[in-house]
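S.K.: Sharing a structure, written as structure tokens. Questions coming.
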Amino acid sequence: MLKLIDMMHIAIFTALMAVLGFMPPLFLSFTPVPITLQTLGVMLAGSILRPKSAFLSQLVFLLLVAFGAPLLPGGRGGFGVFFGPSASFLIAYPLASWLISLAANRLRKVTVLRLFFTHIVFGIIFIYLLGIPVQAFIMHIDLSQAAFMSLAYVPGDLIKAAVSAFLAIKITQALSLSDTMFTKGG
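Under the numbering used here, think of the first position of the sequence shown as 94, with each following residue one higher.
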């Protein structure tokens, strides 16, 4: 059973994913998979929330999309998006967020650099490992061609990994400070 605070965290990060979906997508001429900011939300949820909450925040987001909420960049939504080239990239979101959270919770000392590498391994690489094969299958292209096309996303994803690592540290510090203020009457 989830506690109220966990449900609130899930709702906040589901809403964050929705807000990031309102940012216009950047389409590249050679691939139908757009560049979006939503992987930033996946990494933030994984870095800040407990594993179960991180997973559920992304799952609730995908369920809203599946039921037609236009929360993906470009106002896309509906069950059909799970049959397109970006389907398994989307489906990887809950698992990536969960893996990031598991890994982040095991760090002895949480630093921006360590979170950055956690985001790369359990966020970016994991999402690519699930996304690229399905993209190749749906687009009827070789796996190597789909992987090569995905290289265009790497610089932006590295920037998102760094930004989300920095923000996660700052948000966690702010939340720790506010918890102390409220529990000690400060």
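Here a beta-carbon is modelled for each residue, glycine too, at the ideal position from N, C-alpha and C. In this text the structure is predicted, and so the values were computed from the model without any measurement.
How many Å lie between Ile193 and Leu152 at the Cα?
M.R.: 15 Å
S.K.: Less than 8 Å between the beta carbons of Ile213 and Ala254, yes or no?
M.R.: yes
S.K.: Taking 8 Å as the threshold (C-beta atoms), are Ser150 and Ala261 in contact?
M.R.: Annotated as distal: Ala261 and Ser150, with beta-carbon spacing of 8 Å or more.
S.K.: When the Cα of Leu109 is compared with those of Thr132, Phe219 and Arg199, which residue comes out closest?
M.R.: Thr132
S.K.: If I measure Cβ to Cβ from Leu130 and keep anything under 6 Å in the same chain, skipping five residues before and after, which residues do I get?
M.R.: Leu113 and Met116
S.K.: Would Phe175 pass as a contact of Gly134 if the rule is Cβ separation under 8 Å?
M.R.: no
S.K.: Please confirm whether any heavy atom of the ligand ATP lies closer than 7 Å to the CB of Ala197.
M.R.: With respect to the ligand ATP, the structure shown offers nothing to examine, as it has no ligands at all.
S.K.: Looking at the strands, I want to know which residues DSSP matches up with Arg169.
M.R.: Leu165
S.K.: Looking at C-alpha atoms only, which residue of Pro163, Phe259, Ser146 and Gln266 is the closest neighbour of Ala189?
M.R.: If we check each option's Cα against that of Ala189, Ser146 comes out closest.
S.K.: Restricting to Cα atoms, I'd like to know which of Val247, Gln238, His102 and Ser237 is closest to Leu268.
M.R.: His102
S.K.: Report buried or exposed for Phe172, applying the criterion of at least 16 other Cβ atoms within 10 angstroms of its Cβ.
M.R.: exposed
S.K.: Name the DSSP bridge partner or partners of Ile262?
M.R.: Bridge partners of Ile262: none, in fact.
S.K.: Per DSSP, what kind of secondary structure is Ile234 in: helix, strand or coil?
M.R.: coil
S.K.: Reducing DSSP to helix, strand and coil, say where Gly279 ends up.
M.R.: Below a pLDDT of 50, predicted positions are generally treated as unreliable, and Gly279, at 42, falls in that range; the measurement from the model is reported next regardless. Gly279: coil per DSSP, three-state reduction.
S.K.: Taking all protein chains shown into account, decide if Phe215 is buried (16 or more other Cβ within 10 angstroms of its Cβ) or exposed.
M.R.: buried
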